[in-house]
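Here's the structure we're looking at; comments come further down.
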Amino acid sequence: MFRDWDTKGISSRSNNDDSELNTIHQNTINSIRPYSVIHGNVKQFSTSGLDGKLVIWDLESL
């Protein structure tokens, strides 16, 4: 039984409904870039990740 857990990706948890993370990106973020710069100050930046998402972040609302 235990031998199959690593080869089949089985978790020891009884509830496997937590496969989605409680974050916007669901995988590694591989790029962070300025998106909006006003007078040399970054106001917004973008992140993209291996999950295929491109997210624009507003620094004033964080």
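Position 13 of the sequence shown, counting from 1, maps to 13 under the UniProt record's numbering, and the rest follow consecutively.
Beta carbons are placed, not taken as given, at the ideal position from N, Cα and C, and that holds for glycine.
Shown here for residue 25: same chain residues with a beta carbon closer than 8 Å to its own, the five before and five after excluded, namely 47, 49, 51, 53, 55 in chain order. Less than 8 Å divides the Cβ of residue 43 from the Cβ of residue 60. In this structure, the straight-line span from the alpha carbon of residue 58 to that of residue 41 is close to 12 Å.
Residue 30: member of the beta strand (DSSP E) spanning 29 to 38, first to last residue. Per DSSP, residue 43 is one residue of the beta strand (DSSP E) stretching across 41 to 49.
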